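Structure, as structure tokens:
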Amino acid sequence: MRTQEVLCPTDFSATAAHALNYAVEMANLYHVDIRLLHVVSPARSAHCYGVAVDTPATLEQQLAEFVETKMQSLQLQMQQGLAAGLKVKCIVRHGDASEEILAESADAGMIVIASHGSCGLVDFLKHHVSQDVVRLAKCPVLVVK
Numbered sequence: 001m002r003t004q005e006v007l008c009p010t011d012f013s014a015t016a017a018h019a020l021n022y023a024v025e026m027a028n029l030y031h032v033d034i035r036l037l038h039v040v041s042p043a044r045s046a047h048c049y050g051v052a053v054d055t056p057a058t059l060e061q062q063l064a065e066f067v068e069t070k071m072q073s074l075q076l077q078m079q080q081g082l083a084a085g086l087k088v089k090c091i092v093r094h095g096d097a098s099e100e101i102l103a104e105s106a107d108a109g110m111i112v113i114a115s116h117g118s119c120g121l122v123d124f125l126k127h128h129v130s131q132d133v134v135r136l137a138k139c140p141v142l143v144v145k
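The numbers in full-length UniProt numbering rise by one with no breaks, and the one at position 37 of the sequence shown is 37.
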């Protein structure tokens with residue numbers, strides 16, 4: 001852990017924002033950098049349920065711009081809490097969230113992940129990415145509520 005980065009996946013939820021604070025604490029404790037990861041999941045169905053508001057390319061561009069803006073904002077926010085000399089690296093991947101987090105964690109010293117990002121019926125019906133990560137990761141995982 002003392003030579004490897006802290007991996008902190010985010011879905012931009014309030015719970016994930018809370019986990020970022022723990023990632024900063026762990027990075028400062030072990031004096032290591034942070035890798036901030038966001039995974040853009042593939043669309044499960046046609047955009048807007050087949051109602052064309054914008055072209056799919058336009059929607060994808062808007063999503064990419066949103067993700068870029070959010071990641072830069074989080075990077076600045078986290079950097080302020082880090083000790084001198086430590087850095088936050090931003091990574092955006094595309095694919096299944098669990099698979100991409102696990103792939104990115106191959107050389108991480110620790111993963112700090114939110115317990116869940118959604119709530120209500122959607123939360124009840126879908127699998128939890130954090131559960132997959134805890135079960136399959138090869139490094140320690142801190143799950144933050």
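Note that CB positions come from ideal geometry on N, CA and C, so glycine has one too.
The model shown is predicted, which means the values in this text are computed figures rather than measured ones.
Does the Cβ of HIS31 have 16 or more other Cβ atoms within 10 Å, making it buried, or fewer, making it exposed?
exposed
Let's test the definition: count the other Cβ atoms within 10 Å of the Cβ of THR10 and tell me whether it reaches 16, buried, or not, exposed.
Per the 10 Å Cβ criterion, buried.
Extent of the continuous beta strand (DSSP E) run through LYS70
No beta strand (DSSP E) holds LYS70; the alpha helix (DSSP H) holding it covers 56-81.
In terms of DSSP beta bridges, what is LYS89 paired with?
ARG35
Counting only the same chain and skipping the five closest in sequence on each side, list residues whose C-beta sits under 7 Å from that of TYR22.
VAL112, LEU142, VAL144, listed in sequence order.
Just to confirm my understanding: we take VAL6, look at its own chain, exclude 5 residues before and 5 after, and list those with CB closer than 8 Å. What are they?
ALA23, MET26, ALA27, TYR30, VAL32, ASP33, ILE34, ARG35, ALA108, GLY109, MET110, ILE111, VAL112
Would you mind working out which of VAL39, ALA17, MET71 sits nearest SER98, comparing C-alpha positions?
VAL39
CA-CA distance, ALA17 and ALA103?
In this structure, the alpha-carbon of ALA17 lies about 22 Å from that of ALA103.
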